[in-house]
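There are 2 protein chains.
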Amino acid sequence: MFSKACEYAIRACVQVARVTDAGHHATVKGIAEATGAPEAFTAKVLQQLVRAGLVDSIRGRGGGFSLSPARARELTLLDIVNCIDGDGVFTRCGLGLPHCNASRPCPLHEKFAEVRGRLRMMLETTSVRNMVDQLGEANAGFTGLR
Amino acid sequence: MFSKACEYAIRACVQVARVTDAGHHATVKGIAEATGAPEAFTAKVLQQLVRAGLVDSIRGRGGGFSLSPARARELTLLDIVNCIDGDGVFTRCGLGLPHCNASRPCPLHEKFAEVRGRLRMMLETTSVRNMVDQLGEANAGFTGLR
DNA sequence: TGTTCATCACACATGATAATCCATTTAAAG
DNA sequence: CTTTAAATGGATTATCATGTGTGATGAACA
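Protein chains in written order, with the working numbering: chain A, 1070 to 1215; chain B, 1070 to 1215.
Structure follows, in structure tokens:
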């Protein structure tokens, strides 16, 4: 469905928000451990998120990544997916036909559009904050999910 | 969403059914041209479908691939997707968490399950025959869709 | 019986994604 | 001012999906 990079990005954002809530900056090392993602690759993905302005970073000792409560409330999974994977998941023809569109639909076009619309809606209405809330106290480390 | 191989497989099945309806056997060359897929790769995908028993093939001169009307009515897109891509699309965690399941769900689990269920339902209720009917007379070559 | 047209099987090549490595920059702490 | 901890950026490698090539096999036809 999504690329690995995108999956790591979503997990990372949730973890960054959690750590920010706890009053610290999140380091690549800590994020990678908590989310079960490779450290170097996580760093790459985080860079993309920072460059796009989705999360903040502070360099140097004591630095790390952060996501303010206000931003975590605004930032949706759709934003993250769009940032890493682009909008291909929502726009590309399900059968891979390059010239398929509303006016010249492939036999699956309508049904696919409906499913993808739901996916998009689901991502658009789910904020990073929602994810953190869902996690709750039970999964103290996120690690528990692995 | 699906692999290229899977997209080609679905397109190929539709074309095979069309040609069978017209009373011929479908050749790799013809299928590849009609569906706009690379010939050698199409051949490979068709082999998988044949081995799995989803379509029939006859070797030698005058041979090719066929899909009887009865089979085309039974054969669903879900069968094809399962044959080529497996069931990962429907079972894998949306965030890529290996230990995510119903009893230990990730924050997105429920919502994802709902969307994937719809996708699955959509594929399960769409037969190759349905696809051929949708195409209709207007797109005589399938090629028109490209 | 040999030529031709077709699938079949397997090896090979290419390209994109995933993952790693290393040097550089930045900033706090000692 | 040196050490240490951290992000950043570029280059490199690994893995896998995608795509190609080549020979073998089978069946019809002349």
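Backbone N, C-alpha and C fix where the C-beta goes; we use that ideal spot for every residue, glycine too.
Comparing alpha-carbon positions, the option among A:HIS1168, A:LEU1188, A:GLU1193, A:PRO1138 lying closest to VAL1158 of chain A turns out to be A:LEU1188. For the region 1084 to 1109 of chain A, there are no residues whose beta carbon sits under 7 Å from a beta carbon of chain B. For the 8 Å CB-CB criterion, VAL1097 of chain A and ALA1112 of chain A form a contact.
Residue environment analysis places GLU1143 of chain B among the exposed positions, since fewer than 16 neighbouring C-beta atoms fall within 10 angstroms of its C-beta. Here THR1145 of chain A is not near SER1072 of chain A, since their CB atoms are 8 Å or more apart.
Per the C-alpha coordinates, the member of B:LEU1164, B:MET1191, B:VAL1124 positioned closest to LYS1180 of chain B is B:LEU1164.
Just so you know, the alpha carbons of CYS1162 of chain B and ASN1170 of chain B end up roughly 8 Å apart.
For PRO1176 of chain A, the chain B residues whose C-beta falls within less than 7 Å of its own C-beta are MET1200, GLN1203, LEU1204, listed in chain order. Within chain A, MET1191, THR1195 have C-beta atoms less than 8 Å from the C-beta of LYS1180 of chain B, given in sequence order. In this structure, GLY1133 of chain B places its C-beta atom within 8 Å of the C-beta atom of ALA1095 of chain B. Residues of chain A with a Cβ closer than 7 Å to the Cβ of ARG1080 of chain B are, in chain order, LEU1164.
When the beta-carbon positions are compared, VAL1114 of chain B and ALA1074 of chain B come within less than 8 Å of each other. Nearest to THR1194 of chain B by C-alpha distance, out of A:GLU1102, A:ILE1149, A:LEU1177, is A:LEU1177. In this structure, MET1191 of chain A lies away from VAL1083 of chain A, with their beta-carbon atoms at least 8 Å apart. Interface annotation, GLU1076 of chain A: in contact with chain B, CB-CB separation under 8 Å. Close to LEU1188 of chain B, with beta-carbon spacing below 8 Å, are these residues of chain A in chain order: VAL1184. For the pair SER1172 of chain B and ALA1182 of chain B, the Cα-to-Cα distance works out to about 13 Å. GLU1076 of chain A counts as buried, since no fewer than 16 other beta carbons sit within 10 angstroms of its beta carbon. The beta carbon of ASN1151 of chain B is closer than 7 Å to none in its chain, skipping five residues each way along the sequence.
Taking a Cβ-Cβ threshold of 9 Å, the residues of chain A close to LYS1073 of chain B are GLY1165, in chain order.
ARG1080 of chain A has no beta-bridge partner at all, per DSSP. When DSSP assignments are scanned along the region 1133 to 1191 of chain B, the uninterrupted stretches of alpha helix (DSSP H) that are 4 or more residues long and fall wholly within it turn out to be 1138 to 1143, 1146 to 1154, 1157 to 1160.
The DSSP-derived three-state label of ALA1106 of chain A is coil. In terms of Cα proximity to GLY1122 of chain B, the closest of B:ILE1149, B:PHE1110, B:GLY1092, B:THR1104 is B:ILE1149.
Counting the other CB atoms within 10 Å of its CB gives THR1089 of chain B a total of 16 or more, which places it among the buried residues.
DSSP, reduced to helix, strand and coil, places ALA1095 of chain B within a strand of the structure shown. Put simply, the backbone Cα of ARG1080 of chain B is about 40 Å away from that of GLU1108 of chain A. Between ALA1086 of chain A and LEU1136 of chain A, the C-beta spacing is below 8 Å. Between the C-alpha atoms of PHE1110 of chain B and ASP1202 of chain B there is a straight-line separation of about 26 Å. Chain A has no Cβ within less than 8 Å of the Cβ of VAL1150 of chain B. Taking the Cα positions, ALA1106 of chain A is about 10 Å away from GLY1099 of chain A.
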